[in-house]
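See structure below.
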Amino acid sequence: MTPADPASDPRYEPDRIARELDWNLLRTFVVLADSHSITEAAQRLRLKQPSVSAALQRLEDRIGRKLVNRSPGHFQLTDAGRLLYREAVEINGSVLRLSTLVRELTDEVQGHVKIEVASHVVCPVFDQTLAAFHRSHPRASLSIEVRSSAEAIAEVLAKRASFAICLVRDHSPKLEYRRLYREYFGLFCGPEHALFGRDDLSIGDLAGLGSVSFETDRLQDVLRPVTLMRAQADLGQRITGVSTNLEEVRRMIIAGLGIGPLPVHVAARDVRDGLLWQLPPYTDLPAIDVHVVWNPKAVKNRAEDLLLAALLEAIEATPMEERTYR
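Under the working numbering, the residue at position 273 of the sequence shown is numbered 291, and the numbers go up by one with no gaps.
The following block contains the structure:
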């Protein structure tokens, strides 16, 4: 007997699937896709392995497509599985927020705002907005998670975060973006470095020297202008240390592991305190934009709506030159 074609089989009509699809099957599939293993997914879900396998089989039967290719030591989502995973992650985020939204439905704003930020966010406009928001809504709570920019955007896309403040490489049509500020990167060394304290340097003095940098300091990534600056300085090809976190890049520079890039306005205090020394080039430094990123399809609580609106309003009210830190 020829298997039914899901495109023509009435069992797989969209309305029927919408009525009969069990959300728990989608939740199990999301955990399974994240785990890449029936065994690990079962542990995370506190279920027996046969239960997870059976749930996957029921979901495949309902969707009418094979979702996972499995064999001993091999686990890979099919094209249909990857498509379903992208949609299920968004649905999962919406479902998780429902109980929170209902619980926070009071006359007083007391919701929770989860913000994802890149490690180098230093911006008075953002700080002042947080201060004003807390004065107006003291019962609302905040959590700020430091992640790489890519991870921060992934959290917003999955509706697990209220918004993010980070660098942006590619714009997703599912998200909204607003430039918060512009910063300029320079090259710095620490007290242990041979060039520390010298003000007679030219960019040629950096040629061949060791360096440290960020994970995203690559030609194809968000810090491409910084990569080009390091190439202009002809720094050595070998990077001694890397991190996604500005504080750790700063630590390595101060410890003398090599020359490294930092936002000039962020490093200014360390330069005054004698912990860092700026090196050539001193002009035409690479500019990097930091954005606010949010998901317009995420259902937000009142606190999230108010804080995001206040931040966007502050951006509009502050000229770009005042949000440019040289």
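Cβ coordinates follow ideal geometry from the N, Cα and C atoms, glycine included.
All values reported here derive from a predicted model rather than from experimental measurement.
Practice item. Less than 8 angstroms between the CB atoms is what I'm expecting for residue 185 and residue 167, so what's the real figure, rounded? Key: The count along the sequence shown starts at 1 and reaches residue 185 at position 167. The count along the sequence shown starts at 1 and reaches residue 167 at position 149. That pair is a contact at about 4 angstroms.
Check your understanding: So, using beta-carbon positions, are residue 179 and residue 133 closer together than 8 angstroms?
Key -> Here residue 179 is taken as the residue at index 161 of the sequence shown, counted from 1. Here residue 133 is taken as the residue at index 115 of the sequence shown, counted from 1. Taking 8 angstroms as the Cβ cut-off, residue 179 and residue 133 qualify as a contacting pair.
**Study point:** Exposed unless 16 or more other CB atoms sit within 10 angstroms - verdict on residue 326
**Key:** Translated into the one-based positions of the sequence shown, residue 326 becomes position 308. By the neighbour-count rule (16 or more Cβ atoms within 10 Å), residue 326 is buried.
Check your understanding: With distances taken from CA atoms, which of 257, 308, 215 is nearest residue 290?
Key -> Numbered from its first residue, the sequence shown carries residue 290 at position 272. Taking each of 257, 308, 215 in turn and checking the Cα distance to residue 290, the smallest one comes out for 215.
Exercise for review: Note down the Cα distance separating residue 63 from residue 51, rounded to an integer number of angstroms.
Suggested key: Mapped onto the sequence shown, residue 63 falls at position 45. Mapped onto the sequence shown, residue 51 falls at position 33. Take the alpha-carbon of residue 63 and the one of residue 51: they are about 13 angstroms apart.
Exercise for review: Measuring alpha carbon to alpha carbon, tell me which of 213, 89, 79, 77 ends up nearest residue 54.
Suggested key: Here residue 54 is taken as the residue at index 36 of the sequence shown, counted from 1. In terms of Cα proximity to residue 54, the closest of 213, 89, 79, 77 is 89.
Review point. Which one of 99, 272, 329 has the shortest CA to CA distance from residue 311?
Key: As a first step, residue 311 is located in the sequence shown; it is residue number 293 there, counting from the start. Checked all of 99, 272, 329; the closest Cα to residue 311 is 329.
Exercise for review: Could you name the residues of the same chain whose beta carbon sits closer than 7 angstroms to that of residue 207, not counting the 5 residues immediately before and after it, in chain order?
Suggested key: Within the sequence shown, numbered from 1, the residue matching residue 207 stands at position 189. Cβ neighbours of residue 207 beyond the five flanking positions: 213, 214, 271, 277, 295, 297.
Exercise for review: May I ask you to report which of helix, strand or coil DSSP gives residue 106?
Suggested key: Numbered from 1 along the sequence shown, position 88 holds the residue referred to as residue 106. Looking at residue 106 - three-state DSSP - the assignment turns out to be helix.
Review point. From residue 83 to residue 98, what does the alpha carbon distance come to, in whole angstroms?
Key: As a first step, residue 83 is located in the sequence shown; it is residue number 65 there, counting from the start. As a first step, residue 98 is located in the sequence shown; it is residue number 80 there, counting from the start. Near 7 angstroms, if we compare the C-alpha coordinates of residue 98 and residue 83.
Check your understanding: Considering only residues of the same chain and omitting the five flanking positions on each side of residue 261, which have a CB-CB separation below 6 angstroms?
Key -> By one-based count along the sequence shown, residue 261 stands at place 243. Here the set comprises 267.
Review point. Excluding five sequence neighbours on each side, which residues of the same chain lie with their C-beta closer than 6 angstroms to the C-beta of residue 332?
Key: Taking the first residue of the sequence shown as 1, we reach residue 332 at position 314. So the qualifying residues of the chain are 143, 147.
Point to revise | Alpha-carbon to alpha-carbon, residue 258 and residue 231 | key: As a first step, residue 231 is located in the sequence shown; it is residue number 213 there, counting from the start. As a first step, residue 258 is located in the sequence shown; it is residue number 240 there, counting from the start. Per the coordinates, the alpha-carbon of residue 231 lies some 8 angstroms from the alpha-carbon of residue 258.
Point to revise | Host alpha helix (DSSP H) of residue 142 (start-end) | key: Position 124 of the sequence shown, counted from the start, is the residue given in the question as residue 142. Where residue 142 is concerned, the enclosing alpha helix (DSSP H) stretches over 142-154.
Check your understanding: Are the Cβ atoms of residue 210 and residue 273 separated by less than 8 angstroms?
Key -> Here residue 210 corresponds to residue number 192 of the sequence shown, with the count starting at 1. Here residue 273 corresponds to residue number 255 of the sequence shown, with the count starting at 1. Annotated as proximal: residue 210 and residue 273, with beta-carbon spacing under 8 angstroms.
Exercise for review: For residue 296, name the three-state secondary structure that DSSP assigns.
Suggested key: The sequence position of residue 296 within the sequence shown is 278, counting from 1. Under the three-state reduction of DSSP output, residue 296 falls in the strand class.
Practice item. List in chain order: all unbroken beta strand (DSSP E) runs of 3+ residues lying wholly within the stretch 216-276. Key: Within the stretch 216-276, the complete beta strand (DSSP E) runs of at least 3 residues are 229-232, 257-261.
Exercise for review: Measure the CB-CB distance between residue 303 and residue 203 and report whether it falls below 8 angstroms.
Suggested key: Residue 303 sits at position 285 when you count from the first residue of the sequence shown. Residue 203 sits at position 185 when you count from the first residue of the sequence shown. In terms of Cβ geometry, residue 303 and residue 203 form a close pair [threshold 8 angstroms].
Check your understanding: Nearest-angstrom Cα distance between residue 130 and residue 321?
Key -> Locating residue 130 in the sequence shown gives position 112, where the first residue counts as 1. Locating residue 321 in the sequence shown gives position 303, where the first residue counts as 1. When rounded, the distance between both Cα atoms is 6 angstroms.
Review point. What beta strand (DSSP E) runs, 3 residues minimum, are completely inside the stretch 25-99?
Key: Taking only runs of at least 3 residues, the beta strand (DSSP E) segments lying wholly in the stretch 25-99 are 86-89, 92-95.
Check your understanding: Of all the options 95, 218, 107, 47, which has the alpha carbon lying nearest to the alpha carbon of residue 70?
Key -> In the sequence shown, residue 70 corresponds to position 52, counting from 1. The option with the nearest alpha carbon to residue 70 is 47.
Review point. Would you call residue 92 buried or exposed, if buried means 16 or more other Cβ atoms sit within 10 Å of its Cβ?
Key: In the sequence shown, counting from the first residue as 1, residue 92 sits at position 74. By the neighbour-count rule (16 or more Cβ atoms within 10 Å), residue 92 is not buried but exposed.
Review point. What first and last residue would you give for the beta strand (DSSP E) that runs through residue 331?
Key: As a working note, residue 331 is residue 313 in the sequence shown. Going by DSSP, residue 331 is part of no beta strand (DSSP E) but of the alpha helix (DSSP H) stretching over 320-335.
Point to revise | With 16 other Cβ atoms within 10 Å as the buried cut-off, status of residue 40 | key: Working through the sequence shown from its first residue, we reach residue 40 at position 22. Residue 40 is classed as exposed because its beta carbon has fewer than 16 other beta carbons within 10 Å across all chains shown.
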